[in-house]
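Taken in order, these protein sequences are the chains called A and B. Counting in the working numbering, the first sequence tops out at residue 365, every number present. Counting in the working numbering, the second sequence tops out at residue 365, every number present. Cβ atoms here follow ideal geometry from the backbone N, Cα and C, with glycine treated the same way. Please read these numbers as outputs of a predicted model, since none were measured by experiment. One structure below.
Protein chains: 2
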Amino acid sequence: MSTGMETRGEPVTPANTVDDTTVDIAALLERGRTLSTPVLKAAVERLAPPMDTVAAYHFGWIDAQGRPADGDGGKAVRPALALLSAEAAGAAPEVGVPGAVAVELVHNFSLLHDDLMDGDEQRRHRDTVWKVHGPAQAILVGDALFALANELLLEIGTVEAGRATRRLTTATRKLIDGQAQDISFEHRERVTVDECLEMEGNKTGALLACAVSIGAVLGGADDRTADTLEAYGYHLGLAFQAVDDLLGIWGDPDATGKQTWSDLRQRKKSLPVVAALAAGGPASERLAELLAADAKSNDFDSFSEQEFAARAALIEEAGGRDWTAQEARRQHAVAIEALDGVDMPPQVRAQLTALADFVVVRKR
Amino acid sequence: MSTGMETRGEPVTPANTVDDTTVDIAALLERGRTLSTPVLKAAVERLAPPMDTVAAYHFGWIDAQGRPADGDGGKAVRPALALLSAEAAGAAPEVGVPGAVAVELVHNFSLLHDDLMDGDEQRRHRDTVWKVHGPAQAILVGDALFALANELLLEIGTVEAGRATRRLTTATRKLIDGQAQDISFEHRERVTVDECLEMEGNKTGALLACAVSIGAVLGGADDRTADTLEAYGYHLGLAFQAVDDLLGIWGDPDATGKQTWSDLRQRKKSLPVVAALAAGGPASERLAELLAADAKSNDFDSFSEQEFAARAALIEEAGGRDWTAQEARRQHAVAIEALDGVDMPPQVRAQLTALADFVVVRKR
Numbered sequence: 002m003s004t005g006m007e008t009r010g011e012p013v014t015p016a017n018t019v020d021d022t023t024v025d026i027a028a029l030l031e032r033g034r035t036l037s038t039p040v041l042k043a044a045v046e047r048l049a050p051p052m053d054t055v056a057a058y059h060f061g062w063i064d065a066q067g068r069p070a071d072g073d074g075g076k077a078v079r080p081a082l083a084l085l086s087a088e089a090a091g092a093a094p095e096v097g098v099p100g101a102v103a104v105e106l107v108h109n110f111s112l113l114h115d116d117l118m119d120g121d122e123q124r125r126h127r128d129t130v131w132k133v134h135g136p137a138q139a140i141l142v143g144d145a146l147f148a149l150a151n152e153l154l155l156e157i158g159t160v161e162a163g164r165a166t167r168r169l170t171t172a173t174r175k176l177i178d179g180q181a182q183d184i185s186f187e188h189r190e191r192v193t194v195d196e197c198l199e200m201e202g203n204k205t206g207a208l209l210a211c212a213v214s215i216g217a218v219l220g221g222a223d224d225r226t227a228d229t230l231e232a233y234g235y236h237l238g239l240a241f242q243a244v245d246d247l248l249g250i251w252g253d254p255d256a257t258g259k260q261t262w263s264d265l266r267q268r269k270k271s272l273p274v275v276a277a278l279a280a281g282g283p284a285s286e287r288l289a290e291l292l293a294a295d296a297k298s299n300d301f302d303s304f305s306e307q308e309f310a311a312r313a314a315l316i317e318e319a320g321g322r323d324w325t326a327q328e329a330r331r332q333h334a335v336a337i338e339a340l341d342g343v344d345m346p347p348q349v350r351a352q353l354t355a356l357a358d359f360v361v362v363r364k365r
Numbered sequence: 002m003s004t005g006m007e008t009r010g011e012p013v014t015p016a017n018t019v020d021d022t023t024v025d026i027a028a029l030l031e032r033g034r035t036l037s038t039p040v041l042k043a044a045v046e047r048l049a050p051p052m053d054t055v056a057a058y059h060f061g062w063i064d065a066q067g068r069p070a071d072g073d074g075g076k077a078v079r080p081a082l083a084l085l086s087a088e089a090a091g092a093a094p095e096v097g098v099p100g101a102v103a104v105e106l107v108h109n110f111s112l113l114h115d116d117l118m119d120g121d122e123q124r125r126h127r128d129t130v131w132k133v134h135g136p137a138q139a140i141l142v143g144d145a146l147f148a149l150a151n152e153l154l155l156e157i158g159t160v161e162a163g164r165a166t167r168r169l170t171t172a173t174r175k176l177i178d179g180q181a182q183d184i185s186f187e188h189r190e191r192v193t194v195d196e197c198l199e200m201e202g203n204k205t206g207a208l209l210a211c212a213v214s215i216g217a218v219l220g221g222a223d224d225r226t227a228d229t230l231e232a233y234g235y236h237l238g239l240a241f242q243a244v245d246d247l248l249g250i251w252g253d254p255d256a257t258g259k260q261t262w263s264d265l266r267q268r269k270k271s272l273p274v275v276a277a278l279a280a281g282g283p284a285s286e287r288l289a290e291l292l293a294a295d296a297k298s299n300d301f302d303s304f305s306e307q308e309f310a311a312r313a314a315l316i317e318e319a320g321g322r323d324w325t326a327q328e329a330r331r332q333h334a335v336a337i338e339a340l341d342g343v344d345m346p347p348q349v350r351a352q353l354t355a356l357a358d359f360v361v362v363r364k365r
């Protein structure tokens with residue numbers, strides 16, 4: 002299998018002189034997908050019917066009628082990171098595969114449950130599982146994917162696998178905490194920027210952090226190395242989420258697969274919103290008035306494009322858009338800096354750096 | 002702490018001459034509760050608000066208004082088994098405590114999700130969590146309890162803890178398979194006795210089996226010993242469920258906390274029903290006709306006591322009640338026999354035997 006990387010055959014050069022512009026991001030993501038998808042599919046096949054079918058629908062392998070489909074399985078940033086994680090510890094990328102699959106299983110467990118809790122009807126351009134197969138299947142298959150993640154790691158049977166499972170469990174608990182915070186924010190008028198960052202760190206940072214440590218732990222890395230890799234992953238997750246929050250308001254629906262002004266329609270207290278509300282000034286105050294009225298409005302569901310566009314314009318005018326873009330760059334910088342703390346092969350470092358760059362410039 | 006057992010001070014006698022009539026079941030269950038509840042409460046306190054409160058409500062520690070309550074925490078058979086499990090491997094009962102708590106957490110994760118999926122509004126004489134705190138909290142807190150179970154075991158950090166977590170994960174997967182089967186049975190006209198037993202083995206047998214092996218594994222038992230203890234637990238679980246199925250139709254609502262004819266109201270394809278349908282003869286055929294008509298009826302929800310009583314009488318007349326009572330005794334016998342395969346202290350064996358006896362004669 003060509004990963005687009007082994008062929009470069011560069012001499013080993015000091016870490017900070019490797020040029021990350023030579024990294025082929027598409028190939029890196031494709032390698033993660035290619036190595037992890039067969040293992041993911043085999044794991045899902047262990048599920049009793051009809052859970053196997055429901056899970057296959059969720060992953061985009063079949064359509065709602067059960068016919069084979071070639072769905073959009075997502076960007077696959079996490080599997081790519083898990084393989085690089087193994088390489089960062091000096092192991093072969095394949096060592097990270099069970100970790101990559103376990104992280105994907107946990108991520109998709111959370112998507113299945115969150116979509117149901119949030120009432121989201123669309124994901125990756127398709128109807129969500131609860132919409133197609135009902136709420137009970139969304140709950141049940143989510144539970145099954147979570148259990149499967151632990152099963153896959155623990156059946157390796159090594160001390161390292163136990164440590165990896167423990168890190169995954171910690172990340173999963175944070176993920177759940179983050180979802181609890183996210184839900185509670187919807188019922189509150191004001192959320193501080195710090196509260197929003199904490200929620201996003203739990204909901205997005207923790208699992209991305211785990212993706213970056215899990216391969217290394219499976220490859221025998223010590224806790225200090227794993228913690229440092231997690232610091233990179235955590236801040237990368239916050240950068241990722243800041244970009245997601247921008248796309249959730251100003252993203253191109255054709256690229257994101259979501260509605261226009263998606264997060265505004267869902268009254269999400271995302272970073273641009275909380276930053277705009279915290280900024281003060283006329284636009285910030287006008288936005289606060291509008292959102293307070295929206296919270297009590299019975300007509301919210303029939304709002305026009307123009308009404309959401311007006312709110313988005315106020316968020317931008319109050320500085321929420323710029324602040325969030327800067328926050329993405331700040332978190333990106335902290336992530337990159339964390340890589341200094343781990344002694345890893347320079348090409349792995351270049352790839353982790355390039356992935357971080359990719360995360361902040363992506364359009365979907 | 003008095004456990005009601007250390008004081009007997011009998012000489013060690015051969016296993017099969019210990020008289021299990023001297024075992025104080027109430028004290029045995031109380032010991033499990035006393036040793037595990039503080040650890041369970043401390044674990045639940047780790048949850049971020051409002052999940053800690055929702056979980057405390059579920060466990061009966063507070064009421065719907067958040068006031069302290071002294072709720073019915075269930076029979077606590079599983080914690081009692083987990084402590085005996087440690088003793089069966091020659092360890093102190095305390096060694097089984099993290100296992101007891103982890104099993105309770107998984108059991109309650111499944112109750113939270115199952116009550117929501119099944120639309121059950123009452124449990125242990127109280128409104129269920131989704132009814133009081135909403136579906137999102139029932140999903141979220143269930144997820145959190147499941148994650149907490151793994152966290153609690155894995156933070157022990159030993160190889161034994163990893164093995165225990167793996168067994169718990171396997172049991173959890175079976176639990177989920179069983180719930181999937183149970184849900185699918187509701188939409189089917191006919192379910193065979195074997196299918197029903199398989200479902201009940203997954204839904205009840207697997208976790209009870211894990212309760213009986215987890216303490217031993219934490220205490221250093223080898224896989225053969227753990228497997229044999231699981232055989233006892235699995236068949237005990239099937240006996241337990243057969244009795245539950247009898248109580249689900251003919252139980253005293255004051256004792257069970259459920260409605261009269263509870264399982265019939267929920268169209269459950271439980272053992273007495275499937276055995277009656279499989280029996281043949283006039284009563285069996287009449288029952289089949291009635292249930293087929295019920296499945297299409299729009300008035301089912303307004304059925305009177307008499308209509309359910311008539312169905313229960315047909316089940317009994319067709320032999321479903323007797324067959325299920327016999328099945329409980331058969332599974333009980335197989336469970337007891339499995340104990341021959343493990344070399345354990347005779348008083349532990351007597352206690353496991355007495356607990357098995359208790360399970361088949363209980364009224365709630």
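Per DSSP, cross-strand counterpart(s) of residue i
i, result
"arginine 124 of chain B", "B:Arg127"
"proline 39 of chain B", "DSSP, once it has assigned bridges, lists no residue as partnering proline 39 of chain B."
"isoleucine 63 of chain B", "B:Pro69"
Cα-Cα separation, residue i to residue j
i, j, result
"glycine 75 of chain A", "glutamate 161 of chain B", "37 angstroms"
"alanine 355 of chain A", "histidine 236 of chain A", "15 angstroms"
"threonine 18 of chain B", "leucine 84 of chain B", "In this prediction, threonine 18 of chain B scores a pLDDT of 46, lower than 50, which makes its location untrustworthy; no coordinate-derived value is stated."
"leucine 29 of chain A", "valine 360 of chain A", "13 angstroms"
"glycine 163 of chain B", "methionine 200 of chain B", "27 angstroms"
"proline 283 of chain A", "threonine 23 of chain A", "46 angstroms"
"asparagine 299 of chain A", "leucine 288 of chain A", "18 angstroms"
"glycine 61 of chain B", "leucine 153 of chain B", "21 angstroms"
"threonine 173 of chain A", "alanine 148 of chain B", "7 angstroms"
"alanine 311 of chain A", "leucine 292 of chain A", "11 angstroms"
"lysine 204 of chain A", "alanine 334 of chain B", "49 angstroms"
"aspartate 1 of chain A", "arginine 127 of chain A", "In the structure displayed, chain A extends from 2 to 365; residue 1 of chain A sits before or after that span and is not available."
"threonine 38 of chain A", "alanine 57 of chain A", "12 angstroms"
"serine 294 of chain A", "lysine 269 of chain A", "Note on residue identity: the sequence assigns alanine, not serine, to residue 294 of chain A. For alanine 294 of chain A and lysine 269 of chain A, the distance between alpha carbons rounds to 15 angstroms."
"glutamate 31 of chain B", "alanine 77 of chain B", "8 angstroms"
"threonine 8 of chain B", "aspartate 25 of chain B", "Because the pLDDT of threonine 8 of chain B is 33, which lies under 50, any placement of that residue in the model is unreliable, and the number read from its coordinates should be weighed accordingly. Using only the alpha carbons, I get a separation of about 12 angstroms."
"isoleucine 215 of chain B", "glutamate 156 of chain B", "15 angstroms"
"aspartate 144 of chain A", "aspartate 144 of chain B", "8 angstroms"
"glycine 206 of chain A", "glycine 238 of chain A", "4 angstroms"
"leucine 353 of chain A", "histidine 59 of chain A", "29 angstroms"
"glutamine 307 of chain A", "alanine 313 of chain A", "10 angstroms"
"tryptophan 131 of chain A", "aspartate 302 of chain A", "21 angstroms"
Contacts that residue i makes with chain A (C-beta to C-beta distance below 8 angstroms)
i, result
"glutamate 156 of chain B", "Arg167"
"valine 160 of chain B", "Val160 and Gly163"
"threonine 170 of chain B", "Ala148, Asn151, Glu152 and Leu155"
"alanine 296 of chain B", "Residues of chain A passing the Cβ test: none, with the nearest at roughly 18 angstroms."
Residues that residue i contacts on chain A, provided the C-beta gap is smaller than 7 angstroms
i, result
"threonine 173 of chain B", "Ala148"
Cross-chain neighbours of residue i in chain A, by beta carbon under 9 angstroms
i, result
"alanine 105 of chain B", "The identity of residue 105 of chain B in the sequence shown is glutamate, whereas the question assumes alanine. None at all; the shortest Cβ gap to chain A is about 17 angstroms."
Chain B contact residues for residue i, given Cβ-Cβ distances below 7 angstroms
i, result
"histidine 114 of chain A", "Ile140 and Asp144"
"aspartate 302 of chain A", "Per Cβ cutoff of 7 angstroms: no residues; aspartate 302 of chain A is ~19 angstroms from chain B at best."
"isoleucine 177 of chain A", "Leu141, Asp144, Ala145 and Ala148"
Any contact between the stretch 319-330 of chain A and the stretch 257-277 of chain A? By contact I mean 3 or more CB pairs, one from each, below 8 angstroms.
In this structure the stretch 319-330 of chain A touches the stretch 257-277 of chain A; the number of beta carbon pairs closer than 8 angstroms is three or more.
Problem - Touching by the beta-carbon criterion (3+ pairs, under 8 angstroms), the stretch 100-117 of chain B and the stretch 125-140 of chain B - result: They touch, by the three-pair rule.
Does the contact criterion of 3 or more C-beta pairs under 8 angstroms hold for the stretch 62-71 of chain A versus the stretch 86-104 of chain A?
Contact fails between the stretch 62-71 of chain A and the stretch 86-104 of chain A, because fewer than three Cβ pairs, one in each stretch, are under 8 angstroms apart.
> Relative to chain A, which residues along the stretch 22-56 of chain B have a C-beta separation below 9 angstroms, given in chain order?
Replying inline: Residues of the stretch 22-56 of chain B with a C-beta atom less than 9 angstroms from some C-beta of chain A are Arg47, Leu48, Ala49, Pro50, Pro51 and Met52, listed in chain order.
(message) Using 8 angstroms as the cut-off, can you tell me whether the stretch 344-353 of chain B makes contact with the stretch 246-263 of chain B, which would need three or more C-beta pairs spanning the two stretches below that distance?
(response) Touching, no.
So, does the stretch 328-346 of chain A touch the stretch 225-233 of chain A, judging by three or more C-beta pairs under 8 angstroms? The stretch 328-346 of chain A makes contact with the stretch 225-233 of chain A, as at least three CB pairs between them are under 8 angstroms.
Give the residues from the stretch 189-211 of chain A that approach chain B closer than 7 angstroms (Cβ to any Cβ), ordered along the chain. If the cut-off is 7 angstroms between Cβ atoms, the stretch 189-211 of chain A has nothing near chain B.
Would you check if there are 3 or more beta carbon pairs closer than 8 angstroms linking the stretch 39-52 of chain A to the stretch 177-192 of chain A? No, the stretch 39-52 of chain A does not touch the stretch 177-192 of chain A.
Practice task
Please name the residues in the stretch 116-128 of chain B whose beta-carbon is closer than 9 angstroms to at least one beta-carbon of chain A, in chain order.
Solution key: Correct list: Leu117, Met118 and Asp119.
Short-range partners of chain B found in the stretch 63-86 of chain A, where Cβ spacing is below 9 angstroms
Identification of residues in the stretch 63-86 of chain A having a C-beta nearer than 9 angstroms to some C-beta of chain B yields an empty set.
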